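Residue numbering for the sequence shown follows the working numbering, beginning at 89 and increasing consecutively.
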Amino acid sequence: MGTRRSSVSSKRSRLDDDSNEEFDEVEHVKAIKDDLLKILFNEANKCNKGAIEQILNRFEDLELVTMRLIRDNSFLEGRIKEMKKYSTTGEEIRNQKEGGLVVPVSNNVVKSYAIVVKGKDENASKIKEKLMKVETDAKIQAVKQSRAGGLVIQTTNEKDLNKIKDQINKQEQGWTIEEARRRDPTLLVYDVPEKIDNEEFAKEVYKKNVAALMGEEEFIKEFRVEPYEWKQNVRGMPLHFRVISSKKAAIVVNDESIEVMEVGEFRREWAVCAWLKGDFGECVVCSLYCVYGEGMEDKAAYLEELWRKFGRLKMLVGLDANAVSPLWHSKWEGWREDERVVRGRVLEEVILREGIAVLNSPSDEYTYSGPGGQSDIDVTLCTDGFLGLVRKWCVRDEVSCSDHNLIELELGYHIDRDCGPPPGGWVVCEGDWPKFDACFLDEVFCVEREFALLDAEGMVELMTKMVRRAGDRSFKVNRGHSNRRVRWWNERLGDLRARCRRSRRVYQRLRRHNAEGQDAARARYIEEWNEYKNEIRKAKEEDWRRFVDRVGNVDPWGGVYKIIRGRKGRICMGAVRKDNGEMTVGWEDTASALLNEFFPPDEKVRDEVRLVGGARMEPVTEEEVEVAVKRINGKKAPGLDGIKGDIVKRVWALRPDLMHRMYEQCVLEGTFPREWKKANVVVLLKSPDKDRAEIRSYRPICLLSVFGKVMERIMVNRLLGGLEGSMSDCQYGFTVGRGTEDAWLKVMDVVEGSACKYVLGMFIDFKGAFDFLRWCRILDVLGAVGCREIELWKSYFCERKVCYRNARGEMVWKDVSRGCPQGSICGPFVWNLCMNELLRGLGELGAQVVAYADDLLVLVEGNSRRDLESRGSEYLGAVLNWGRHYGVEVSATKSSTLILKGTLSSTRPVLVKAQGISLKSDKKVKYLGIHVEERLKFGNHLKLLRKKIVDVASGLRRVIRDDWGLGRTAIKTIFNGLLMACALYGSSVWWKTLRTGKGVRLLNTCERAGLLVCLRVCRTVSTDAMEVLMGVLPWRHQALLRTVMFLRSRGRPVGLVGVVEDRELEDLGRSGVRDLLRDRLFARWQREWDGSETGRVLYCFVPDVETVRRCKWFWVGMHEGYIMTGQGSMNAWLHDRGLSESPECECGAPREDWMHVLVECVLYEDLRDLEAMGLVVENDGEINGLREIVMNEESFKTYVEFARNVFARRVRMVPLLTPVRLSGSSDPAYLSWSSSAGLFSQSNCSLMAAGSPVSCVELKNWYRGGR
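Next comes the structure, spelled out in structure tokens:
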């Protein structure tokens, strides 16, 4: 041992004496470990094996600590050296660290012989087409288009390249020849093992590809590993991008593996802040915009606050400072006093005072370079913790046409994944089901005997493994977004972008040297930039049109509908407020806060469960399993195992005996397997207007295993069979055959039938409800009702876990000790079972109760205020006692009271109070989606309905435009299934409001908002006319139809509705009742249309309201609607509204109205075919056959073509609206068209157009040709 000690001492002395010699501490540690292993395992040394293992384990810990110390020490040594010299920037620090490590570039790189040929007005394809016709003996290696514009020609040697140049110069086409710049190659590498780091990967690529071309150190220096991004959509951002934005700043994350969370307390109009977590670790990113012309004091204070909060963490700040300073290497001539210099000094003070690191490095490129000038006004800041990650900061000026150049940061970090990626969901709709069948049966064949010998836990685990293996081999994994290219990009856009960049560089070069021609170059750059932007807009719009036509008309509820309704894309979770008022920091902190709030622990001691003696569990039959499997929704999201409902149904179809055996074993053992009790929590925002910083603004949904849901369904079905007649009839939620309208019907019956003077409604809201039920109380209730599977239920309510998972697959787990998971099968049933005790208890006290799930309405009857207050307080006390027993709290802020019958003084509200909780008194309340006012009035519901319809319909304008968009079938489907369904919800409750003219007008206003979106007509068209054009029964009549159908289905009298009498419906079935109602209501609508004072022009074409329904081909666009409604781009109609100076037509007629355009105007004589349209003009000017245009399909097609051509010509007529001056006359003259001669009536005159003589024939051809 003495010899070894002296060896180590000699090494230390050698290090001290030769400090300039490079020494690798990591290799030194490995050498020590190798020596230690040799000593310990030397047979000459008699060491105990257990002691050896202990020594090695401890040495591994020591090795880990040593490695960390070596890394930290290396960093600190560099910082100390820098501090001894002078204060400098991050790039200079990195250059000093890397000094002496750079190897001279090797000269053995293969040279590329290539030129770029460019033309003034010719693109690459045209140049290539001409060059291919030229004969040459030069050997051409490749011909391709350059990204920057032009044609790249590559040869194998310099001699051939010179020949090509000579041939091009001989063409005399005005082409320019440029030397091709060498581009670094880009490699796309996939299926790389996760454990390989960047350095090892670079060495592997070098060894197998370029070892013979250059040195290893040179290659590794030039080699960079960057993520390859797909679907770089320029239009806004792709749906899978996470965007955090304020009015003037934004942060965009395009990598789905990065977890994003907004730090809400640092949101400003000009700044946003977010917390990110990825392979680089955790960091805070801030985007800040300093508006030019505004003060910098608030921005400086913001940075100081930001550094006090996150200064010790990794943080990156990118800001458009609109300020210059030597601190970030601004290239500013003379440093004259300027506002940007003054602003820069304010920012300098903050940076120096807080010790902020500046990443900007000296560069020949400017961070901002636009038509207004160029400067370095963009600053990149970071903390010391983030500085260690940065390897390179640079400006790239050829990436974008934006005035601000791209700033690129290259980070260096080690990827250390603590957990694997989340189990990817399978694309079942595109899967190979026959292959899945074969794979699953193969898996079963291998383990079938083993499966029969396992317990319930083992069977579930093995079943999950078999399905997962078969699924992995049969289905593609859902990657979150498709890897399609940008569909709207085309070759012309590429040429325009290249041309715009060239113009920008020319202008910048001239301005930099203060040369002549700056103004002309600037004007050309702006012109080309505007052209480029306009072409992008056109390309995007055309692509969107094609997408709407291809997808929207095939499936109205598919991808187009989800986009316009905002149903796609992930919700970006932000920081939330804890109970102590502080905001969460980091993803784990937010996840823990959410889980703690949604799943609170049960603090009380678990009571003993009252079991029913002698109960025996019956074995599960295959019929029970089959019923449960059939009720599975195959499209819902799966649990943590990733197995969807469609797959479970397929497994049942393949091997029902295995699934039956598994569930039978669970029941016989009284075990609900642990894997089925693990839930993945998905958090949904309740509504867009909710405060995202409040936890209760979100609703948790538990995604559970589908196999477990089948077991839950079996348990619930068994228990429901023994509860018939024992459940309260006051519960309307989660009850077969009952809904919200039934609950409201009960409320109206009680209020209208009460013998008391007053009826008070107590609207009770429970906090958490499902999540707060105590398990011991649930088991008490189950035992009391004689549940045979009580052991199975006890297993269900124990050892439950929930997790919140991010995009990277990392999870935060929490043990659950109370509540029923929202999203489970048992949850609604258990809630109703527990609430049954409350409903029966309130009934025994004399209260009338209506409950829909956890929405409770207690109706208090009385003849005085005192009666209402005393009884209400008594009922509230009963509710609070029940809630305390079951662990459920009443939300005092969301609960309220409302007078439903009678009138009391508004200055003294009814006071309902019990156990320190008092309910507030309101004038209007929203219950089960319907707004109700005092004395059971619903006028406010119809008032608020219009805003809701407008919000729903606003997105439809993106796909229903004047000249393109969704077709007839898709529009009517959305109108009926979305707008009408939304408006007429609960119509059986508020239909009496339509007895008044005000109620009808309010509903018509709502309907008009939807019709204006769905019909391509002028906004001045009357509601009556638009209803006829839509061809759907108006909403005021639809409300009555739905009311009658609902009351009829509930056995209620329908005579009061005023459509049919009860005796007329006695012998009719449901379809017969609907047909009779439709006939009556259409007849009523026809009488209204016949007597209406509006829409009389349309009445000439469509006198029958059922025409649109019968004629499937009838659907008007904007131009057809102009003539049919008499309202549109016609001078007479425009003049009547003050939009035109004269009602005259350009042909000389006194009024240009719909009739004149349709049959009289000579300007459209060549377009008009009255016979094909079925029109006949009598001698007295009367038009016959207007109705035939609509009733005959061929006539309607002819009319549509005529209308579209007419108004297309009117657009081209705009240049002719200027009066034409006759030669030799100073007075203006207007041209008139003669249909018989086919010439202008002034054909013999010499005309002047734009200062030059033009013949009438030429003018006619110009006019008719659309020039």
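Think of the CB as a built atom: it goes at the ideal place given N, C-alpha and C, for glycine as much as any other residue.
Computed from a predicted model, the values in this text were never measured in an experiment.
Roughly how many angstroms lie between the CA atoms of residue i and residue j, to the nearest whole one?
i	j	result
Ser993	Ser952	12 Å
Tyr884	Arg653	38 Å
Leu683	Leu848	37 Å
Cys527	Glu292	36 Å
Met349	Val340	12 Å
Asp607	Ser591	12 Å
Glu579	Lys480	33 Å
Ile143	Asp122	13 Å
Gly640	Tyr613	39 Å
Val1147	Val1193	18 Å
Gly508	Lys365	Confidence at Gly508 is low in this model, with a pLDDT of 38, below 50, so its placement is unreliable and no value can be given for it.
Ala1113	Arg1096	11 Å
Leu1335	Arg1198	Because Leu1335 sits at a pLDDT of 33, beneath the cut-off of 50, its placement in the model cannot be relied upon, and the point is left open.
Leu58	Ser1137	Nothing can be reported for residue 58: it is not among the residues displayed for the chain, which extend from 89 to 1355.
Pro938	Glu925	In the sequence as displayed, the identity of residue 938 is Val instead of Pro. Going by the C-alpha atoms only, they are around 14 Å apart.
Ser814	Lys1035	43 Å
Ile878	Lys553	29 Å
Phe31	Ser680	The displayed coordinates of the chain run from 89 to 1355. Any statement about residue 31 would go beyond what the structure contains.
Ile241	Tyr294	28 Å
Asn410	Leu447	17 Å
Flag this pair as yes or no: are the beta carbons of residue i and residue j separated by less than 8 Å?
i	j	result
Val900	Lys889	no
Leu1066	Ala1127	no
Asp1010	Leu986	yes
Trp919	Asp943	no
Phe851	Ser983	yes
Cys1094	Ile1037	yes
Leu930	Val948	no
Asn347	Ala767	Before going further, note that residue 347 is Glu rather than Asn in the sequence given. Not closer than 8 Å, so no.
Asn805	Val715	yes
Arg1104	Met1206	yes
Have a look at the DSSP bridge pairing and note the partners of residue i.
i	result
Asn768	Leu791 and Cys891
Ile1048	Gly1053
Phe851	Leu945 and Ser984
Gln462	Ser457
Cys482	Glu496
Cys374	Cys361 and Val405
Thr264	Lys206
Trp514	Val565
Closer than 8 Å by C-beta to residue i: which residues in its own chain qualify, once you throw out the five before and the five after it? Chain order, please.
i	result
Ser334	Arg355, Arg356, Glu357, Trp358, Ala359 and Val360
Leu968	Val978, Ala1002, Gln1003 and Ile1005
Between residue i and the rest of its own chain, which residues show a CB-CB distance below 6 Å, the 5 nearest in sequence each way excluded?
i	result
Gly559	Trp514
Gln255	Val222 and Thr224
Ser213	none
Less than 8 Å between CB atoms is the rule here; does residue i satisfy it with respect to chain D?
i	result
Ala608	Protein chains in the displayed structure number just one, and chain D is not present.
If I measure Cβ to Cβ from residue i and keep anything under 7 Å in the same chain, skipping five residues before and after, which residues do I get?
i	result
Val1013	Phe851, Ser984, Leu986 and Val1020
Glu685	Ile783
Leu1144	none
Leu921	Val869
### Task
Would you check if there are 3 or more beta carbon pairs closer than 8 Å linking the stretch 832-846 to the stretch 718-733?
no
#### Entry: Three CB pairs or more closer than 8 Å across the stretch 532-539 and the stretch 760-774
no
### Message
Measuring CB atoms only, is the stretch 430-446 touching the stretch 387-394, in the sense that at least three cross pairs come out at less than 8 Å?
### Response
yes
### Message
Within 8 Å, do at least three Cβ pairs link the stretch 746-757 to the stretch 540-547?
### Response
yes
### Query
Quick one: any contact between the stretch 1015-1035 and the stretch 1055-1064, if contact means 3 or more CB pairs under 8 Å?
no
### Query
Any chance the stretch 1243-1259 sits against the stretch 1287-1294, with 3 or more Cβ pairs inside 8 Å?
yes
### Query
Hey, is the stretch 1063-1078 in contact with the stretch 1172-1189, meaning 3+ C-beta pairs nearer than 8 Å?
no
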